[in-house]
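Visitor:
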Amino acid sequence: MAGGFAGGGAAAGRAEFYEGKITGYFILACIVGSFGGSLFGYDLGVSSGVTTMDDFLKKFFPDVYSRKQLHLKETDYCKYDNQLLTLFTSSLYFAGLVSTFGASYVTKRRGRRASIMVGAASFFLGGAINAAAMNLAMLIVGRVLLGVGIGFGNQAVPLYLSEIAPYRIRGAVNQLFQLTTCLGILVADVINYFTDRLHPWGWRLSLGLAMGPATAIFVGALFLPETPNSLVERGRLEEARRVLEKVRGTHKVDAEFEDLKEASEAARAVKGTFRNLLAVRNRPQLIIGALGIPAFQQLSGMNSILFYSPVIFQSLGFGSSAALYSSIITGSMLVVGALISMVTVDRLGRRFLFIEAGIQMISSMVVVAVILALKFGHGEELSKGVSTVLVVAICLFVVAYGWSWGPLGWLVPSELFPLEMRSAGQSVVVCVNLFWTAAVAQCFLAALCHLRWGVFVLFASLIVVMSIFIILLLPETKQVPIEEIWMLFDKHWYWKRIVRKDPKYPGNLHQQQEMARA
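Residue numbers (my numbering): 1 to 518.
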C-alpha cells in the first residue's frame with residue numbers, strides 16, 4: 001500500500017508486517033480506477049485518425065485538404081504542415097496543463113475519486129460538443145473541455161492506483177493506467193478505420209464516441225472506494241480503516257494503518273506543499289519525478305508518432321485506409337508493450353526496462369532516419385519493401401516505449417513523492433507532461449516539414465540523453481514500500497550528497513532522535 005512518507009523514518013522496516021490478499025473489491029477498484037487512462041488513450045488515437053479524414057479536413061481545414069490532394073500518391077514532408085490543424089490537437093493538452101492545478105485541490109480536499117468523476121464529466125461534454133461542431137471555434141471549445149477531463153484524470157488515476165495497491169505489486173497495478181491508455185488508442189484506431197468510410201459524418205461518430213468511456217468511468221466511480229490514504233489525510237480514520245480492511249481482505253492491518261496515520265501527521269506538519277517541492281531534501285523527487293521523467297516521456301517522440309501516425313504514413317505515400325490500418329498495427333504494439341511491462345516491471349525492475357528500451361528506441365529511430373534520408377522526399381512513391389521496413393522500425397520503437405517510458409513515466413513519479421506533497425507533486429508531473437505533449441504536438445509537423453528526416457535523428461539524440469539520465473540518477477524502486485523510498489536517495493551515490501544537507505531530511509531527523517535517546 002502506498003503508505004506515504006512516514007516522517008523521521010519511524011515506519012522504516014514496518015512494511016514486512018503488512019498483511020492482506022488480493023480481493024474482489026480490490027480488483028474492482030483497480031479496473032474501474034484504471035479505466036481513467038482510456039480517456040487519454042481514446043483521444044490520442046481518435047485525434048490522429050480524424051485529422052486525416054477528407055470530410056473533416058474539407059469542413060475545417062480546406063487548405064490542408066487541397067494540399068493533400070495535390071500530393072495524394074506522393075511523398076511530401078510538408079503535406080500536413082498547418083498550425084491551425086496542430087492547434088486542434090495541442091489545445092487539449094494546454095487546457096489539461098492549466099486544469100491540473102485545480103485537480104490538485106480537488107484531489108487533496110475531496111479525494112481521488114472526486115477528481116476522476118470531474119474528469120469524466122468534462123470529457124463527456126467535450127465529446128458531445130466536438131461531435132456537434134459546426135465551426136473551428138466549437139471544435140476548439142470541445143477540445144478544451146476534453147483537456148480539462150484529461151488534466152483531472154491523469155492527476156488522480158496514477159495516485160489512486162499507487163495508493164490502493166499492495167506494495168509488492170504496485171508496479172503492475174499502476175501500469176493498468178498505461179494499459180487502458182493503450183487499449184483506448186487501439187479502440188480509437190479501429191473505430192477510425194471504419195468511420196473513415198462513412199461519408200460525410202464519420203468523423204463526428206469518431207469524436208462523439210468519446211462520451212462512451214466517459215460515461216462508463218463516471219458511473220463506475222460512483223461505486224469506487226476512496227483510497228485509505230486520502231481518507232486518513234482528510235481525518236476520516238474509522239472509514240479509512242474499514243476501507244483498508246475491505247480492500248486487503250483482513251482485519252490485520254495495524255502495521256499498514258499506523259504507517260498511513262504517521263504519514264498523514266507528517267503531511268499536516270508541512271505548510272506550502274508546492275513550495276516544499278523546492279526543499280533540498282526533496283531535490284531528487286523534483287528533478288527525477290516532477291521535471292525529468294515527464295518531460296523526457298514526451299521528448300522521446302512517441303506521442304508525435306501516436307498523434308500523427310496516419311499523417312506520417314500518408315506523408316510516406318500510404319493511402320488513407322492503409323495509413324489508418326498501419327495505425328492499428330502500431331496501437332497493437334503499444335498494448336503488447338504494456339502487457340509485457342506489467343509482467344516484468346516488478347521482476348526485472350524499472351531501470352532495466354528503461355535502459356533496454358532506450359537502446360531499442362535509438363536503433364529504431366536511426367533506421368527510420370537513414371531510410372528517409374536515402375529514399376524519401378523526392379516526390380516518388382515508396383516501394384513496398386521500404387515501406388515495410390519503415391513500419392517494422394516504427395513498431396519496434398512503439399513496443400519498446402510501451403514497456404518503458406509509456407507506463408514507467410507515470411509509475412515512477414507516483415512512487416517518489418511523500419504523502420504531504422503527493423497531490424502537488426503529481427500536479428507538477430501532469431503539468432510538465434502536458435506542456436511538452438502540447439509543445440511537441442504543435443511543433444512536430446512543422447519540424448517534419450523543415451528538418452525532414454533530421455527530426456528522427458533529433459529524437460534519437462534525445463533518447464540517448466534520457467537513457468544517461470536514468471542510468472546516473474534513478475535508483476531502483478521495485479518492491480520498495482513508498483514510505484521507504486526516501487532511503488534509496490540516502491544510499492544513492494549522488495543524491496546522498498544533496499539530501500543530507502537539509503536538516504529536515506528524514507535520515508538526519510532519525511539520527512537526531514537516536515542521539516537524543518542515547
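From the three backbone atoms N, C-alpha and C, an ideal C-beta is built for every residue, glycine too.
1. Does the beta-carbon distance from A369 to W453 come in below 8 angstroms?
2. Going by the CB atoms, is the gap between R113 and A279 shorter than 8 angstroms?
3. Using a Cβ-Cβ cut-off of 6 angstroms (strictly less than) and excluding sequence neighbours within five positions of F397, which residues of its own chain qualify?
4. Any chance you could list the alpha helix (DSSP H) runs of at least 4 consecutive residues sitting entirely within the segment 144 to 228, in chain order?
5. Rounded to whole angstroms, what's the CA-CA distance from S427 to F354? Just pull it up for me.
6. I think I463 touches S300, with their Cβ atoms under 8 angstroms apart; what is that distance to the nearest whole Å?
7. So, with DSSP's three-state summary, where would you put F5?
8. Per the contact definition of three or more C-beta pairs closer than 8 angstroms, is the segment 203 to 211 in contact with the segment 47 to 54?
9. Under DSSP, the alpha helix (DSSP H) around A439 begins and ends at which residues?
10. Kindly indicate which residue of V106, F60 and F124 has the alpha-carbon position closest to the one of M211.
11. Note down the Cα distance separating A120 from V386, rounded to an integer number of angstroms.
12. Report buried or exposed for Q178, applying the criterion of at least 16 other Cβ atoms within 10 angstroms of its Cβ.
13. Going straight from the alpha carbon of L390 to that of A373, what length do you get?
14. Any beta carbon from chain D within less than 8 angstroms of I31's own beta carbon?
15. Helix, strand or coil for K478 per DSSP?
16. Report the rounded CA-to-CA distance for V173 versus L348, giving the unit in angstroms.
17. Can you name, in chain order, every residue of its own chain whose Cβ lies under 6 angstroms from the Cβ of Y18, other than the five neighbours on each side?
18. Three or more beta-carbon pairs under 8 angstroms between the segment 403 to 419 and the segment 278 to 294, yes or no?
19. What would DSSP say about L277, mapped onto helix, strand or coil?
20. Given this structure, state the Cα-to-Cα distance separating I498 from N192, to the nearest angstrom.
21. Using three-state DSSP, classify P503 as helix, strand or coil.
22. Could you check whether Y93 and L334 sit closer than 8 angstroms to each other, using their CB atoms as the reference points?
23. Taking Cβ to Cβ, would you say L474 is nearer than 8 angstroms to R283?
24. Can you confirm whether the segment 141 to 152 touches the segment 94 to 105 when touching is taken to mean that 3 or more C-beta pairs between the two stretches lie within less than 8 angstroms?
25. Give the secondary structure of T388 by DSSP, where H, G and I count as helix, E and B as strand, and everything else as coil.
26. Tell me which residues share the same chain as L408 and place their Cβ nearer than 7 angstroms to its Cβ, disregarding the 5 neighbours each side in the sequence.
27. Counting beta carbon pairs with one atom in the segment 56 to 71 and one in the segment 224 to 235, are three or more of them shorter than 8 angstroms?
28. Exposed or buried, which one is I217 when buried takes at least 16 other CB atoms within 10 Å?
29. Under 8 angstroms, with one C-beta from each stretch per pair, do the segment 240 to 259 and the segment 32 to 40 reach the 3-pair mark?
30. Using a Cβ-Cβ cutoff of less than 7 angstroms, which residues in the same chain neighbour W227 once the five nearest sequence positions on both sides are dropped?
31. Is R351 helix, strand or coil by DSSP?
32. Look at the alpha carbon of L472 and the alpha carbon of F296, and state the distance between them as a whole number of angstroms.
33. CB F61 to CB L28, shorter than 8 angstroms?
34. My assumption, with CB atoms under 8 angstroms, is that L277 sits in contact with G425. Please give the rounded CB distance.
35. May I have the straight-line CA-CA distance separating G126 from A133, to the nearest angstrom?
36. Throw me the rounded Cβ distance for the C30 and L176 pair, which I believe falls under 8 angstroms.
Guide: Well, looking at it:
1. yes
2. No; because the gap between Cβ atoms is not below 8 angstroms, this pair is not in contact.
3. M361 and S364
4. 170 to 174, 176 to 195, 202 to 208 and 211 to 221
5. 23 angstroms
6. 6 angstroms
7. Only weak support is given to the placement of F5: the predicted model assigns it a pLDDT of 28, under 50, and the value that follows is read from those uncertain coordinates. If DSSP states are grouped into helix, strand and coil, F5 belongs with coil.
8. The segment 47 to 54 is in contact with the segment 203 to 211.
9. R422 to L451
10. Among V106, F60 and F124, the Cα nearest to that of M211 is on F124.
11. 42 angstroms
12. buried
13. 12 angstroms
14. Absent from the structure is chain D; it holds one protein chain and no more.
15. coil
16. If you take the alpha carbons of V173 and L348, they lie about 16 angstroms apart.
17. A255 and E256
18. Touching, yes, given that three or more Cβ pairs across the two stretches are closer than 8 angstroms.
19. coil
20. 50 angstroms
21. coil
22. Contact flag unset, no.
23. Cβ atoms of L474 and R283: not closer than 8 angstroms.
24. yes
25. helix
26. R350, L353 and F354
27. no
28. Answer is buried; the Cβ neighbour count reaches 16.
29. Inter-segment contact for the segment 240 to 259 and the segment 32 to 40 is absent: fewer than three beta-carbon pairs are separated by less than 8 angstroms.
30. It should be noted that the sequence gives Thr, not Trp, for residue 227. Hits under 7 angstroms: R112, Y160, E163 and I164.
31. helix
32. 15 angstroms
33. no
34. 6 angstroms
35. 10 angstroms
36. Cβ atoms of C30 and L176 come within 8 angstroms of each other, at about 6 angstroms.
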